[in-house]
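For the sequence shown, UniProt numbering gives the first residue as 1, with consecutive numbering after it. Input: a single structure, listed below in structure tokens.
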Amino acid sequence: MKLSVIMPVYNRERYVGSALRSLLRQCDDADLDIIVVDDGSTDASAETVRSLIEQAPCIRLFQQANMGVTKARNTGLRQLLPETRLISFLDSDDISPAGRFRADLACFAADPDLDLTYSRMTLIDSLDDETQEPAADSHSITVRGIHLSAGIFARSLVERIGGFDEDFSQAEDTDYLLRVFESGPRFLMPDTVALYYRRHPGNMTKEKNVPFREFMRAIHKSIKRRKANPSLHAVDGIFDFKDLAHWRFL
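Spelled out as structure tokens, the structure:
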């Protein structure tokens, strides 16, 4: 089954090469189509991607004026190949652990009616870019967090849910995942570690006030949807909010 992985990029020349290589090392495990959407980068991000395309034609690069991550994700969805059956995501500063796709694709092979696998993520503050594993001195926690890269989505599910809500400048992923789980998909929650989430000074989600405000807006929209349509499912027991609330990086 063709698996398309969508990667938005904005000024990530330092990290995007490593992120892409973490996907390419899994080409034997999955029939990969990697969709990179450069959202108006002003650094050498696009050049870094092009240098890898020469070695790996499964990477496709699309460039647009800077419009924000939400519109970049929707651009990626519009570039899906006709033969794509599964969809996932990876941010351009994160890492897809070795074996991640092999583990979860087996679930889809075993159950053709499966809509979604939703796995775990490891937050780290130090990554060895040579091994693409957490550095020996890194602080980390593994949780079932709120992250698109934790999911592998059947295309039929994505087509039912629709695109990302472009009213969000951040927390578009939270809103999307809430909409997915509200729809009552057929899903599994494997213990696979789906991504290494790299904490660094440039993380968008470290901007003061904005992430919390947008997150709460996504929660509020979910409440309104479920109130208006009681047939929608409550999203309980999916995300490790308690573990995340008490986590602090040094």
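All C-beta atoms in this analysis are idealised placements derived from N, C-alpha and C, irrespective of residue type, glycine included.
Would you list the one or two residues that DSSP bridges to residue i?
{"i": "K71", "result": "Beta-bridge pairing links K71 to no other residue."}
{"i": "D128", "result": "E133"}
{"i": "V210", "result": "Partner(s): none; V210 has no beta bridge."}
{"i": "V49", "result": "Paired residues: none, contrary to the question."}
{"i": "T117", "result": "I152, L188"}
{"i": "V37", "result": "P8, F62"}
{"i": "S138", "result": "None, per the DSSP bridge assignment."}
Any idea what DSSP makes of residue i, helix, strand or coil?
{"i": "F249", "result": "At F249, the pLDDT of 44 sits below 50, so the modelled position is not reliable; the number obtained from the coordinates is stated separately. Three-state DSSP puts F249 in coil, outside helix and strand."}
{"i": "E133", "result": "strand"}
{"i": "L10", "result": "According to the sequence provided, residue 10 is Tyr. The question's Leu does not apply to it. In this structure, Y10 counts as coil in the three-state DSSP scheme."}
{"i": "F153", "result": "strand"}
{"i": "Y176", "result": "helix"}
{"i": "S96", "result": "coil"}
{"i": "R144", "result": "coil"}
{"i": "I238", "result": "coil"}
{"i": "A194", "result": "strand"}
{"i": "S222", "result": "helix"}
{"i": "F164", "result": "coil"}
Got a sec? Which residues, its chain only, sit under 7 Å from residue i by beta carbon, not counting five neighbours each side?
{"i": "P185", "result": "D115, L116, L157"}
{"i": "A46", "result": "D38, L61, Q63"}
{"i": "R160", "result": "S183"}
{"i": "N11", "result": "S41, T42, D43, S45"}
{"i": "C107", "result": "L114, T117, L188, P190"}
{"i": "R179", "result": "I161"}
{"i": "A30", "result": "L3, F101, L105"}
{"i": "F239", "result": "R144, G145, I146"}
{"i": "F181", "result": "H233, V235, I238"}
{"i": "E13", "result": "D43, A44, S45, T48"}
Sorted by chain position, which residues of the same chain lie with C-beta nearer than 8 Å to residue i's C-beta, five sequence neighbours on each side aside?
{"i": "E83", "result": "K2"}
{"i": "F168", "result": "T70, D175, E214, R217, A218"}
{"i": "V210", "result": "S169, Q170"}
Can you give the beta carbon distance from residue i to residue j, rounded, assuming they're within the 8 Å contact cut?
{"i": "S88", "j": "V5", "result": "5 Å"}
{"i": "S41", "j": "V69", "result": "Not quite, the Cβ-Cβ distance comes to about 12 Å (not below 8 Å), so this is no contact."}
{"i": "Q132", "j": "S22", "result": "5 Å"}
{"i": "G163", "j": "L232", "result": "That pair is no contact at about 18 Å."}
{"i": "H147", "j": "D125", "result": "That pair is no contact at about 16 Å."}
{"i": "L20", "j": "I35", "result": "Not confirmed; about 11 Å, so no contact."}
{"i": "V16", "j": "M121", "result": "The pair is not a contact, with the Cβ atoms about 19 Å apart (cut-off 8 Å)."}
{"i": "S18", "j": "L90", "result": "That pair is no contact at about 11 Å."}
{"i": "A56", "j": "L24", "result": "5 Å"}
Within its chain, find whatever has a CB closer than 6 Å to the CB of residue i; leave out the 5 residues flanking it on each side and keep chain order.
{"i": "A72", "result": "P8, V37, D39"}
{"i": "M189", "result": "Y118"}
{"i": "F153", "result": "I87, L116"}
{"i": "S66", "result": "It should be pointed out that residue 66 corresponds to Asn in this sequence rather than to Ser. Excluding positions up to five away in sequence, the list reads D39, G40."}
{"i": "I53", "result": "I59"}
{"i": "I95", "result": "S22, Q132, Y196"}
{"i": "R226", "result": "L232"}
Count the other CB atoms within 10 Å of the CB of residue i; is the residue buried (16 or more) or exposed (fewer)?
{"i": "P97", "result": "buried"}
{"i": "F212", "result": "exposed"}
{"i": "A136", "result": "exposed"}
{"i": "H220", "result": "exposed"}
{"i": "F241", "result": "exposed"}
{"i": "N74", "result": "buried"}
{"i": "R155", "result": "buried"}
{"i": "L250", "result": "At L250 the pLDDT is 39, less than 50, meaning the model places this residue with poor confidence and gives no usable figure here."}
{"i": "T48", "result": "buried"}
{"i": "H200", "result": "exposed"}
{"i": "L127", "result": "buried"}
{"i": "R198", "result": "buried"}
{"i": "D28", "result": "exposed"}
{"i": "P134", "result": "buried"}
{"i": "E166", "result": "exposed"}
{"i": "G151", "result": "buried"}
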